[in-house]
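J.: Okay, so the sequence shown: first residue is 1094 according to the numbering used here, each after it adds one. Every residue gets a Cβ at the ideal spot worked out from N, C-alpha and C, and that includes glycine. Here the structure is a predicted model, which means the values were calculated and not measured. My questions all concern the structure below.
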Amino acid sequence: MSEHAAKGEPPRPRVEVAEFAKDTRYRLVRIGEASWEPLEREEFEVEVRRAYPDIDLHDAKQVHWADRPWEWPAWHQGEA
C-alpha cells in the first residue's frame, strides 16, 4: 500500500511537472517514484513513455502540470 493510500489521500499522478522557469531550458519532471530530473521538451515524452508506455499524456489524473501545460522555456541552439 502506498504512503498516500495509507493516509487516505488520492494517489499521486504517474508524472508530475514542476513550475515553469524562464532561466532554464528544462522543466523538472518526476516520473513515478523517481527523483525530480530536468528534461527538455524533446526528452519529455520519450522518458515518460519509457516508464509508462500506455499513459495518456493529456489525462490530468496521470500527468500533473504545476502550471503552463506543454510549455517549455524558450531556448535556442548555442545558448548555455
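Which stretch, first to last residue, makes up the alpha helix (DSSP H) that contains residue 1142?
T.: Looking at the DSSP string, the run of the alpha helix (DSSP H) that includes residue 1142 is 1134-1144.
J.: Quick one: grab the DSSP three-state call for residue 1161.
T.: Residue 1161 falls in the coil class under three-state DSSP.
J.: Quick check on the DSSP output: the beta strand (DSSP E) that includes residue 1121 runs from which residue to which?
T.: Start and end: 1120-1124.
J.: Tell me residue 1131's beta-bridge partners as DSSP assigns them.
T.: BP columns for residue 1131 point to 1121.
J.: Measuring only the C-alpha atoms, how far is residue 1154 from residue 1125?
T.: Looking at the two C-alpha atoms, the distance is approximately 13 Å.
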